[in-house]
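So the structure is just underneath, and the comments pick up after that.
2 protein chains.
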Amino acid sequence: MQHSENAQGVEDVVWAPPRRFGPRSAPARRAILEAARARFAEDGYEKTTIRAVAADAGVDPAMVMRYYGSKADLFDATVRVASDLEDLTKVPREEIGRRFARAMLGRWERGENKPEAAALRAAPTHPEAARSVQRSFNEHVLPALRRAFPDDPDIETRAGLVLTQGIGTALLRYVLEIEPVASMDYETLIEAVGASIQRHLTAPLGSAA
Amino acid sequence: MQHSENAQGVEDVVWAPPRRFGPRSAPARRAILEAARARFAEDGYEKTTIRAVAADAGVDPAMVMRYYGSKADLFDATVRVASDLEDLTKVPREEIGRRFARAMLGRWERGENKPEAAALRAAPTHPEAARSVQRSFNEHVLPALRRAFPDDPDIETRAGLVLTQGIGTALLRYVLEIEPVASMDYETLIEAVGASIQRHLTAPLGSAA
DNA sequence: TTCGAAAGTCAACAAGCGTTGATATCGTGG
DNA sequence: CCACGATATCAACGCTTGTTGACTTTCGAA
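Here the protein sequences line up with chains A and B, keeping their order.
Just so it is clear: in the first sequence, position 64 is 64 by UniProt numbering, and no numbers are missing.
Just so it is clear: in the second sequence, position 101 is 101 by UniProt numbering, and no numbers are missing.
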């Protein structure tokens, strides 16, 4: 079950501000970014402080500003991530819903989702984070589903519906930890969410479409 | 931190000022609560300031503290609301999903949802808001569905799944305004979300439940 | 009319925030 | 060796926040 090419834990696509900084500071920059991901994912945008990120990374707060410009820019760097979706074109059509649910929720279940968690946690109060969710839909979810259903004229509407089910599940289970969703058996959850997504992808759309 | 008068004070009340305040201040208290609802719903917990609420209500910031104790207590008063769900016992079983979707999303669509919006907007960063979502599930969603499906042993799991679909839709359409969900035709949305909820309520549950 | 409590005003505190600039230290090329 | 730019440290700035206490005004009851 491959989820991404670079299984390398922390990919070093450190969004580099030009070349004003030599390679000697790479460890510090990486430590800052890692600490920022954890803090933003856990506390959201407002409650995350530059000072706390710096302390977690073991650097001076001024270094954070030096390398990332501002708190807003640091957040942008935090949520900027590749996170490709599995190729669904070779999956049998009846299985796509389940596979999509697994691809989306698996990252959360395994805890390899700091950027997504930061974006989702911060989205309701930080507009830039909401735009990041929109971008993730435009650049990953929608294209992947379009490739799987190339001749469906309503695929955009369907993809939006898929996202409501997927993000709703992630929010309740992993961010808000609402019971019984948070403690629900994972396979049962995948089964139900996958079937719901499958329905959004294939069932007839009602009303004026 | 604490705002209690320690020795004599029996207990500090959470939401409604007991009768320590005369009826002459009722308009001000109501204006404060209304302004707080709007601000919390729009900006979330952290970005909402006592000063802004006071300005919107046309009162002095100190009045907000006087009548509601603290910012956290003001938020509690904001999200404490009845919002009963329609009685679903007389609805045909095949229609319950659609009716539930309408009951849940209709309030949002009509904008009569300030307390829910405040709770959902603030939930990812303010734990008390997340607990308010949990309470709403425990006290309204789950009982309503239990009455509609009294003999289903998995109704709690099913109700949780229903909530993932319902809250996911509300979040994307009304809070984050993610396209194409935000601009989707309302009846089309109800049809799809209602059918998904219906599926969660009636389809067999997979795996070990 | 008088008086006391309720209602409202005002200024300030202490703490925390993002951010900045001056300064010290390191590491390497000449 | 020295020098110079990159790297790191430090202290502070200006601002906003929740919250508080002293003060004045309002108003109905005695």
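Just so you know, even glycine gets a beta-carbon here, dropped at the ideal spot from N, CA and C.
Values in this document were obtained by computation on a predicted structure and should not be read as measured data.
Where the alpha helix (DSSP H) through residue i begins and ends
{"i": "residue 126(A)", "result": "Per DSSP, residue 126(A) belongs to no alpha helix (DSSP H) and is neither H nor E."}
{"i": "residue 67(A)", "result": "61–68"}
{"i": "residue 40(B)", "result": "26–47"}
{"i": "residue 71(A)", "result": "71–79"}
{"i": "residue 220(A)", "result": "The structure shown does not extend to residue 220(A), since chain A is modelled only from 1 to 209, so the question has no answer here."}
{"i": "residue 56(B)", "result": "50–57"}
{"i": "residue 97(B)", "result": "96–110"}
{"i": "residue 196(A)", "result": "186–202"}
{"i": "residue 142(A)", "result": "142–148"}
{"i": "residue 116(B)", "result": "114–122"}
Straight-line gap, residue i to residue j (C-alpha atoms, nearest Å)
{"i": "residue 204(B)", "j": "residue 58(A)", "result": "52 Å"}
{"i": "residue 110(B)", "j": "residue 189(B)", "result": "15 Å"}
{"i": "residue 197(A)", "j": "residue 165(A)", "result": "7 Å"}
{"i": "residue 64(B)", "j": "residue 83(B)", "result": "25 Å"}
{"i": "residue 74(A)", "j": "residue 68(A)", "result": "5 Å"}
{"i": "residue 142(A)", "j": "residue 151(B)", "result": "40 Å"}
{"i": "residue 202(A)", "j": "residue 206(B)", "result": "20 Å"}
{"i": "residue 194(B)", "j": "residue 100(B)", "result": "7 Å"}
{"i": "residue 31(A)", "j": "residue 92(A)", "result": "42 Å"}
{"i": "residue 7(B)", "j": "residue 66(B)", "result": "Confidence is the limiting factor: at residue 7(B) the pLDDT is only 31, short of 50, which leaves the residue's position unreliable, though a coordinate-based value still follows. The alpha-carbon atoms of residue 7(B) and residue 66(B) are separated by roughly 19 Å."}
{"i": "residue 107(A)", "j": "residue 98(B)", "result": "31 Å"}
{"i": "residue 172(A)", "j": "residue 199(B)", "result": "19 Å"}
{"i": "residue 28(B)", "j": "residue 112(B)", "result": "21 Å"}
{"i": "residue 191(A)", "j": "residue 167(A)", "result": "16 Å"}
{"i": "residue 55(B)", "j": "residue 21(B)", "result": "21 Å"}
{"i": "residue 184(B)", "j": "residue 24(A)", "result": "50 Å"}
{"i": "residue 133(B)", "j": "residue 95(B)", "result": "25 Å"}
{"i": "residue 146(A)", "j": "residue 169(B)", "result": "21 Å"}
{"i": "residue 121(B)", "j": "residue 49(B)", "result": "15 Å"}
{"i": "residue 105(A)", "j": "residue 123(B)", "result": "20 Å"}
{"i": "residue 115(A)", "j": "residue 149(A)", "result": "28 Å"}
{"i": "residue 154(A)", "j": "residue 35(B)", "result": "41 Å"}
{"i": "residue 157(A)", "j": "residue 177(B)", "result": "14 Å"}
{"i": "residue 129(A)", "j": "residue 89(B)", "result": "41 Å"}
{"i": "residue 187(B)", "j": "residue 53(A)", "result": "46 Å"}
{"i": "residue 3(A)", "j": "residue 175(A)", "result": "Only weak support exists for where residue 3(A) lies, its pLDDT of 41 falling under 50; the coordinates are left without a value."}
{"i": "residue 211(B)", "j": "residue 131(B)", "result": "Absent from the structure is residue 211(B), since the part of chain B shown begins at 1 and ends at 209."}
{"i": "residue 179(A)", "j": "residue 43(A)", "result": "20 Å"}
{"i": "residue 87(B)", "j": "residue 135(B)", "result": "19 Å"}
Interface partners of residue i on chain B, CB under 7 Å
{"i": "residue 196(A)", "result": "165, 196, 199, 200"}
{"i": "residue 114(A)", "result": "Those within 7 Å of residue 114(A) in chain B number zero; the least Cβ separation is about 15 Å."}
{"i": "residue 137(A)", "result": "178"}
{"i": "residue 245(A)", "result": "Here chain A has residues from 1 to 209 only, and residue 245(A) is not among them."}
{"i": "residue 184(A)", "result": "157, 160"}
{"i": "residue 175(A)", "result": "124"}
7 Å Cβ shell around residue i - same chain, five flanking residues per side excluded
{"i": "residue 118(B)", "result": "37, 40, 41, 78, 79"}
{"i": "residue 71(B)", "result": "50"}
{"i": "residue 45(B)", "result": "75, 122, 125, 126, 129"}
Chain-ordered chain B contacts of residue i [CB-CB under 8 Å]
{"i": "residue 46(A)", "result": "44, 46, 47, 125"}
{"i": "residue 169(A)", "result": "164, 168"}
{"i": "residue 128(A)", "result": "Near residue 128(A) there are no residues of chain B at all, since even the closest Cβ is about 12 Å away, more than 8 Å."}
{"i": "residue 121(A)", "result": "124, 125"}
Neighbouring residues, chain A, relative to residue i (Cβ below 7 Å)
{"i": "residue 180(B)", "result": "156, 157, 160"}
{"i": "residue 172(B)", "result": "163, 164, 167"}
{"i": "residue 133(B)", "result": "176, 178"}
Residues near residue i in its chain [Cβ-Cβ closer than 8 Å; skip 5 each side]
{"i": "residue 137(B)", "result": "159, 160, 163"}
Proximal residues to residue i (C-beta, below 6 Å), its chain only, five neighbours per side dropped
{"i": "residue 15(A)", "result": "Any reading at residue 15(A) needs caution, since the residue's pLDDT is 45, under 50, leaving its predicted position unreliable; the model's value is listed next. Within the same chain, residue 15(A) has close Cβ partners 77, 80."}
{"i": "residue 85(A)", "result": "103, 140, 144"}
{"i": "residue 182(A)", "result": "173"}
{"i": "residue 26(A)", "result": "none"}
{"i": "residue 51(A)", "result": "61"}
Per-residue contacts from residue i into chain A (C-beta, under 8 Å)
{"i": "residue 118(B)", "result": "Those do not exist, as residue 118(B) stays about 10 Å from chain A at its closest Cβ, beyond 8 Å."}
{"i": "residue 94(B)", "result": "In chain order: nothing, as chain A lies at least about 14 Å away."}
Contact list for residue i against chain B, beta-carbon separation under 9 Å
{"i": "residue 141(A)", "result": "Within 9 Å Cβ-Cβ: nothing; residue 141(A) doesn't reach chain B, min ~11 Å."}
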